[in-house]
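Undergrad: Okay, here's the structure, questions in a sec.
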Amino acid sequence: MSWNEPGGGKKDPWSGQEPGGSPPDLEEIIRSLQEKIGRLFGGGGGGATASAFVVWALVGIVFILWLLSGFYIVDEGNRGVVTRFGRYTETTMPGLHWHVPYPVEAVDIVDVEHQRFLELGYRTGVGSVPQEALMLTGDENIVDVRLAVQYTVSSARDFLFNIKDPEKTLREVTESALREVVGQHTMDFVLTEGRSEIAAEVKKLVQQIMNSYGSGIAVETVNLVDAQPPEEVQDAFEDAIKAREDKQRFINEAQAYANEVIPKARGQAARILEEAQGYKQKMIAKAQGEASRFEQILAEYEQAPEVTRTRLYLDALEAVFSKTETIMVDVKGGNNLLYLPLDRLKAAAVPNLPHSQTVLSGPAAAQQMLQRQPLRRVVRGREGRGR
């Protein structure tokens with residue numbers, strides 16, 4: 015009769031017992047298993063002994079396999095964290111190791127050399143994440159900031175046990191640190207020359223916070239990927255950037271012009287100063303010479319006043335007449351007037367003289383010029399003047 019047919023009662027289809035009865039004893043289960051194994055291999059009275067041997071052999075094989083399952087290999091760059099009943103035991107280095115198999119002990123392999131990346135304010139292939147990217151600056155402007163963090167695991171034990179979700183914690187800490195740093199600077203500083211400084215400050219602050227948590231994370235680099243104003247004011251900001259660039263260009267041009275003009279002006283000023291200094295020394299020397307000459311004349315004048323006055327008078331005449339035209343007039347030779355412009359004759363005769371000939375002056379020069387002129391011209395000159 016089937017167990018679920020009418021009259022079959024409420025007996026268990028496997029044990030034939032009614033529900034609610036006591037569970038089967040372990041010895042009964044082993045005995046039943048031995049009987050089944052004995053029937054499987056056949057045999058009479060020695061079947062119980064053979065079946066017991068087979069059972070213990072199977073148990074031994076299972077136990078050996080269980081022990082062998084405790085061997086594990088830690089690859090290069092990884093660390094093995096061993097726990098016993100959920101409590102940390104040790105950290106193993108790369109190589110072959112053994113631990114008490116599950117459920118007594120367990121091993122978690124952690125990569126401590128591979129560099130991990132965290133993107134804040136954007137996702138690769140997705141674009142901007144406004145709830146992370148939009149931040150308020152110190153001058154109450156909004157900027158869109160995108161940050162990339164590169165980090166490694168410095169302690170496998172701390173990474174596994176001190177923080178439930180290390181990556182999520184790192185993201186929240188980085189966002190908080192970035193908002194704090196950006197809020198301390200102006201919008202122009204964040205968008206222009208302050209990127210490297212902001213990244214360095216964020217890295218330092220994030221590492222301090224993560225160390226206080228005992229996260230086992232080492233922040234390697236923090237890169238400020240992009241910093242832009244919101245799209246609504248992008249055009250106005252580009253105009254401001256262009257104006258700033260023009261300003262810098264004008265400053266550079268003015269600086270270049272100043273670098274060109276100032277050295278020239280300094281050189282000219284130095285030259286004028288040198289000329290003035292030379293003129294000063296010249297005038298001082300001249301004045302000193304004139305003063306010395308006057309003192310000498312004074313000494314001579316005190317000894318011979320009349321002679322000194324005469325000599326000074328003659329020197330003055332010589333100085334005056336040396337700059338005027340010299341004319342020689344002969345009135346004793348007869349009624350005719352002899353007019354000789356000596357200076358002109360001398361000037362006309364000097365260029366024609368040989369290099370070895372001596373230039374004569376005074377009456378000798380006049381006589382020489384008369385000898386060279388034709389006699390007819392001299393007589394004609396006298397006749398003309400006599401009329």
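For the sequence shown, the working numbering begins at 15 and goes up steadily by one.
Here a beta-carbon is modelled for each residue, glycine too, at the ideal position from N, C-alpha and C.
1) Run through DSSP, which three-state label would Pro377 get?
2) Could you name the residues of the same chain whose beta carbon sits closer than 7 Å to that of Asn176, not counting the 5 residues immediately before and after it, in chain order?
3) Count the other CB atoms, across all protein chains shown, that sit within 10 Å of the CB of Gln310; report buried if there are 16 or more and exposed otherwise.
4) Reducing DSSP to helix, strand and coil, say where Ile177 ends up.
5) Determine the closest residue to Val126 out of Phe173, Gly109, Tyr102, with distance taken between C-alpha atoms.
6) Taking Val118 as the reference, which of Val96, Thr105, Leu110 has the closest Cα?
7) Give a yes or no on contact between the stretch 213–223 and the stretch 130–141, applying the rule of three or more CB pairs nearer than 8 Å.
8) Let me make sure I understand the geometry here. Which of His111, Val196, Pro319, Gln282 has the alpha-carbon closest to that of Leu238?
9) Relative to the C-alpha of Leu184, which residue among Gly100, Ser142, Met224 is closest?
10) Between Val187 and Val220, how many whole angstroms is the CB-CB distance? I'm expecting something under 8 Å.
11) Per DSSP, what kind of secondary structure is Ser142 in: helix, strand or coil?
12) Under DSSP, the alpha helix (DSSP H) around Gly84 begins and ends at which residues?
13) Smallest Cα separation from Asn155: which of Tyr327, Gln248, Phe131?
14) Quick one: residues in its chain with C-beta nearer than 6 Å to the C-beta of Arg130, no 5 flanking neighbours on either side, listed in chain order?
15) Between the C-alpha atoms of Ile10 and Lys261, what's the straight-line distance to the nearest angstrom?
16) Quick one: Cα of Pro244 to Cα of Gln145, how far?
17) Checking the sheet assignment: what are the DSSP bridge partners for Arg130?
18) Kindly indicate the opening and closing residues of the alpha helix (DSSP H) around Val233.
19) Over the uninterrupted alpha helix (DSSP H) stretch that includes Asp329, give me the two end residues.
20) Using 8 Å as the threshold, is the C-beta distance between Thr151 and His111 below it?
21) State the CB to CB distance for the pair Gly84 and Val124, rounded to an integer number of angstroms; the pair is presumed to be in contact (CB under 8 Å).
22) Between Leu161 and Val236, is the Cβ-Cβ spacing less than 8 Å?
23) My output table needs one value for Met15: the three-state DSSP class, helix, strand or coil.
TA: Considering the structure as presented:
1) Residue 377 sits at position 363 when you count from the first residue of the sequence shown. Unreliable positioning characterises Pro377 in this predicted model, as indicated by a pLDDT of 46, which lies under 50. A coordinate reading is not provided.
2) Mapped onto the sequence shown, residue 176 falls at position 162. Excluding positions up to five away in sequence, the list reads Tyr227, Gly228, Ser229, Gly230.
3) On the sequence shown, residue 310 is found 296 positions in, with the first residue counted as 1. Exposed, because fewer than 16 other Cβ atoms sit within 10 Å of the Cβ of Gln310.
4) As a working mapping, residue 177 is identified with position 163 in the sequence shown. Coil, per DSSP.
5) Position 112 of the sequence shown, counting from 1, holds the residue named residue 126. Taking only the C-alpha atoms, the option nearest Val126 is Phe173.
6) Along the sequence shown, read from residue 1 onward, the residue named residue 118 stands at position 104. When only C-alpha atoms are compared, the closest one is Val96.
7) no
8) Counting from one through the sequence shown, the residue named residue 238 turns up at place 224. Here the closest residue by C-alpha is Val196.
9) Numbered from its first residue, the sequence shown carries residue 184 at position 170. Looking at the Cα atoms, Met224 is the closest of the given residues.
10) By one-based count along the sequence shown, residue 187 stands at place 173. By one-based count along the sequence shown, residue 220 stands at place 206. About 6 Å; that satisfies the 8 Å criterion.
11) Here residue 142 refers to the residue found at position 128 when the sequence shown is read from its first residue. Looking at Ser142 - three-state DSSP - the assignment turns out to be strand.
12) Position 70 of the sequence shown holds residue 84. From DSSP, Gly84 is part of no alpha helix (DSSP H); its letter is neither H nor E.
13) Locating residue 155 in the sequence shown gives position 141, where the first residue counts as 1. Checking every option, the nearest Cα to that of Asn155 belongs to Gln248.
14) Along the sequence shown, read from residue 1 onward, the residue named residue 130 stands at position 116. Cβ neighbours of Arg130 beyond the five flanking positions: Tyr165.
15) As displayed, the chain neither begins before 15 nor continues past 401, which places residue 10 out of reach and without an answer.
16) Here residue 244 refers to the residue found at position 230 when the sequence shown is read from its first residue. Here residue 145 refers to the residue found at position 131 when the sequence shown is read from its first residue. If you take the alpha carbons of Pro244 and Gln145, they lie about 13 Å apart.
17) Translated into the one-based positions of the sequence shown, residue 130 becomes position 116. Tyr165, per the DSSP bridge assignment.
18) Along the sequence shown, read from residue 1 onward, the residue named residue 233 stands at position 219. Counting along the chain, Val233 falls outside any alpha helix (DSSP H), though it belongs to the beta strand (DSSP E) covering 231–242.
19) On the sequence shown, residue 329 is found 315 positions in, with the first residue counted as 1. 319–335 is the extent of the alpha helix (DSSP H) around Asp329.
20) For the purposes of this step, residue 151 is taken as the residue at position 137 of the sequence shown. For the purposes of this step, residue 111 is taken as the residue at position 97 of the sequence shown. Not in contact: Thr151 and His111 (Cβ atoms no closer than 8 Å).
21) Counting from 1 along the sequence shown, the entry for residue 84 is found at position 70. Counting from 1 along the sequence shown, the entry for residue 124 is found at position 110. Contact doesn't hold; Cβ gap of about 19 Å is too wide.
22) Position 147 of the sequence shown, counted from the start, is the residue given in the question as residue 161. Position 222 of the sequence shown, counted from the start, is the residue given in the question as residue 236. In contact: Leu161 and Val236 (Cβ atoms closer than 8 Å).
23) Position 1 of the sequence shown holds residue 15. Because Met15 sits at a pLDDT of 44, beneath the cut-off of 50, its placement in the model cannot be relied upon, and the point is left open.
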